[in-house]
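Worksheet: the structure to be examined is printed underneath.
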Amino acid sequence: MFQRRTVVAAKRSVAQWRSLATASPVSSGRNHKIVVVGGGTAGLTISHQLLHSGKFAQDDIAVIDPAAWHHYQPGWTLVGGGLKDKTELRKPLNSLIDPKFKFYNQGVGTFSPTENALTLENGDKINYEHLVVVPGLSINYGAIKGLPEALADRNSTVSTIYSYDTCDKAFRNIENLRGGNAIFTQPVGVVKCAGAPQKIMWLALDHWKRAGLYNPANPSDSPIKISFATGLPMMFGVPKYSVVLEQMRKDRGVEGLFQHDLLAIDGKAAIFASPEGEVTRQFDMLHVTPKMGAHGFVKNSSLANEAGFVDVDEHTTRHKKFPNVWSAGDAASLPTSKTAAAVTAESPVLVRNLLQSIEGKELDASYDGYTSCPLVTQYGKVLLAEFKYGGVPKETFGNMFGIDQAKPRRAFYYLKKDFFPWVYYNYMIKGNWGGPDGFL
Ligand code: UQ1
């Protein structure tokens with residue numbers, strides 16, 4: 001429960017705002033106990049979990065997001081592999097927001113954390129007692145020269161599964177390629193779902209294999225050649241899974257261009273930065289993972305750390321300077337891999353600690369960095385990487401059944417393709433799913 005004093009004070013001030021509504025420029029509608037910036041995976045999950053605490057009345061919680069649609073982004077890899085229809089993965093955002101919330105369908109202009117306020121892009125000021133900053137991250141297409149133009153050109157063989165507009169183009173390009181060089185890239189720097197850049201490659205490889213265009217046992221005699229150009233020095237950030245994926249790369253005849261960071265696209269040439277200087281490769285099909293970073297309105301605020309992400313404690317999810325500010329998901333500085341699975345574990349911790357803090361109690365929930373990457377390795381098989389801070393494996397089914405999740409399995413594929421999208425829309429974003437902890 002709230003401390004009685006807080007409740008009385010809040011009630012009194014709400015009554016004052018209401019009575020002053022005609023006289024004062026600050027209407028009651030713009031004062032909220034909790035403001036959640038973002039209606040993505042973290043925003044919906046956290047706001048609904050807060051509501052389920054039973055401690056909030058109509059409009060106590062506000063959600064701010066300018067989007068018209070909410071997307072199940074983990075499904076876009078499967079769209080790129082020809083396994084899902086992208087239109088089935090999205091829903092109108094306002095249909096997913098509980099009517100008990102005040103929904104501002106607007107972008108944020110600026111944060112003023114010392115005043116417990118923010119302004120919307122339309123200039124309206126919103127006051128809060130607690131702020132949850134979960135707007136996700138921004139995809140900076142323009143950071144790779146020539147990429148925006150190549151993506152927009154319907155006839156180009158350049159695509160990315162990282163956007164709603166082009167995730168289906170990725171599959172068209174895979175289907176249309178009959179021969180030549182196929183290059184798949186992963187940049188230096190933070191991206192969401194660090195496994196996706198190679199998931200789409202493994203699906204494409206399998207597609208070409210089935211079409212008789214790629215023979216993993218004899219790649220040099222195959223019509224199609226496949227290269228994975230990554231800014232990282234290895235296949236994956238967690239050693240346990242990287243070893244398996246590196247072996248897979250070699251066994252399947254995929255060229256590894258490590259520490260190669262795509263700088264520019266010029267016609268059919270891809271130009272990379274590498275330790276040996278600039279490297280240019282000709283491609284016939286290019287799948288790009290764009291550069292990503294914090295949204296400008298976060299990066300340019302006093303909430304951000306040096307990298308631009310919301311500067312929170314890695315275990316409590318509370319802001320390091322402003323104790324009534326919280327963050328999780330892709331926008332947060334939490335040093336883990338940015339995924340929806342991470343949000344399943346971060347959300348209950350943030351919600352518990354925020355509620356404790358409202359009651360003046362000790363923060364007693366701690367996030368261990370749990371995240372997961374269901375890594376599709378071919379049609380019908382998934383390697384279910386699950387790990388915590390420090391790249392230490394934390395495997396749900398390994399612990400339950402004593403199996404090794406580094407081995408790609410059919411059951412994990414159905415988890416990824418059918419179960420996760422179902423549990424996501426029916427339970428997770430309604431605040432009723434705790435990931436490996438099950439239903440809430
Ligand atoms: C999960 O809960 C989830 O959200 C619905 C995902 O979807 C994107 C996931 O990929 C994963 C791995 C989880 C975690 C749950 C289990 C049972 C491992």
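To convert, note that position 118 of the sequence shown is 118 in UniProt numbering; the numbers rise steadily by one, no gaps. Just so it is clear, CB atoms sit at the ideal spot from N, CA and C, and this is done for glycine as well.
| Asked | Found |
| --- | --- |
| Does any heavy atom of the ligand UQ1 sit closer than 6 Å to the C-beta of arginine 428? | Residue 428 is actually methionine in this sequence, not arginine. Yes. |
| Nearer than 6 Å: is that true of the beta carbon of glycine 40 relative to any heavy atom of the ligand UQ1? | no |
| Which complete beta strand (DSSP E) runs does the segment 319-376 hold, if anything under 3 residues is left out? | 325-327 |
| Taking 7 Å as the limit between beta carbons, can you name the residues of its chain near aspartate 266, skipping five residues before and five after? | Gly146 |
| Please report the distance separating the alpha-carbon of phenylalanine 412 from that of threonine 280. | 38 Å |
| Using the beta-carbon count (16 or more within 10 Å), is lysine 199 buried or exposed? | buried |
| Which residue comes first and which comes last in the alpha helix (DSSP H) that contains phenylalanine 419? | Taken as a continuous stretch (DSSP letters only), phenylalanine 419 belongs to no alpha helix (DSSP H), as it is neither H nor E. |
| What's the C-alpha gap between leucine 245 and methionine 201? | 12 Å |
| Looking at the secondary structure, which residues open and close the beta strand (DSSP E) in which isoleucine 174 lies? | Here isoleucine 174 belongs to no beta strand (DSSP E); instead the alpha helix (DSSP H) covers 167-176. |
| Tell me the rounded alpha-carbon separation between glycine 402 and glutamate 149. | 49 Å |
| Give me whichever residues DSSP pairs with isoleucine 34 in a beta bridge. | Ile61, His130 |
| Whole-angstrom Cβ separation of asparagine 116 and asparagine 324, contact assumed at under 8 Å? | 7 Å |
| At a threshold of 6 Å, does serine 372 count as lining the ligand UQ1 (C-beta to nearest heavy atom)? | yes |
| Pop quiz: valine 238 and phenylalanine 387 are said to be a contact at Cβ under 8 Å. What is the actual Cβ separation, rounded to whole angstroms? | 5 Å |
| Out of curiosity, what's the CA-to-CA distance linking leucine 350 and serine 366? | 9 Å |
| Compare the Cα-Cα distances from glycine 81 to each of Pro113, Gln378, Ala331 and report the closest residue. | Gln378 |
| Could you spell out the range, first to last residue, of the beta strand (DSSP E) harbouring serine 301? | Careful: serine 301 lies outside any beta strand (DSSP E) and carries neither H nor E. |
| With DSSP run on the structure shown, which of helix, strand or coil describes arginine 409? | strand |
| Return the Cβ separation of isoleucine 226 and valine 254 in integer angstroms, given the expectation that the two are a contact with Cβ distance under 8 Å. | 5 Å |
| Whole angstroms are fine: how far does the CA of leucine 334 sit from the CA of proline 74? | 20 Å |
| For threonine 157, which of Ala143, Gly391, Ile174 has the nearest alpha-carbon? | Ile174 |
| Using the Cβ count rule (16 or more neighbours within 10 Å means buried), how would you classify alanine 21? | Low per-residue confidence applies at alanine 21: pLDDT is 38, beneath 50, and the placement is therefore not dependable, though the value from the model is reported in the following sentence. Exposed, since its Cβ has fewer than 16 Cβ neighbours within 10 Å. |
| Let me check you understand the geometry: is the CB of phenylalanine 420 closer than 6 Å to at least one non-hydrogen atom of the ligand UQ1? | yes |
| Would you kindly work out how many angstroms separate the C-alpha atoms of serine 24 and glutamate 129, rounded to a whole number? | With a pLDDT of 38 at serine 24, under the threshold of 50, the modelled position of this residue cannot be trusted; read the value that follows with caution. Cα-Cα distance, rounded: 20 Å. |
| Could you spell out the range, first to last residue, of the beta strand (DSSP E) harbouring phenylalanine 228? | 224-230 |
| Would you say the segment 176-184 touches the segment 354-361, given that touching needs at least three Cβ pairs under 8 Å? | no |
| Would you call glycine 43 buried or exposed, if buried means 16 or more other Cβ atoms sit within 10 Å of its Cβ? | buried |
| At a threshold of 6 Å, does glycine 435 count as lining the ligand UQ1 (C-beta to nearest heavy atom)? | yes |
| Shortest alpha-carbon distance to asparagine 94 belongs to which of Arg30, Ile139, Pro66? | Pro66 |
| Enumerate, from N- to C-terminal direction, the unbroken beta strand (DSSP E) stretches of 3 or more residues contained entirely within the segment 224-300. | 224-230, 255-258, 261-266, 269-274, 277-282, 285-287, 291-294 |
| Taking the straight line between their C-alpha atoms, what separation do you get for glutamine 106 and glutamine 49? | 22 Å |
| Ends of the alpha helix (DSSP H) at histidine 52? | 41-52 |
| Does the Cβ-Cβ distance between leucine 383 and proline 408 come in under 7 Å? | yes |
| Is the segment 307-316 touching the segment 109-127, taking contact as three or more C-beta pairs under 8 Å? | no |
| Around the C-beta of alanine 15, are 16 or more other C-beta atoms found within 10 angstroms, so that it is buried, or is it exposed? | Low confidence applies here, because alanine 15 scores a pLDDT of 39, under 50, leaving its location unreliable and the question unanswered by this model. |
| Answer yes or no: the CB of asparagine 396 versus the heavy atoms of the ligand UQ1, is any distance below 6 Å? | What sits at residue 396 in the sequence shown is threonine, not asparagine. Within the cutoff, so yes. |
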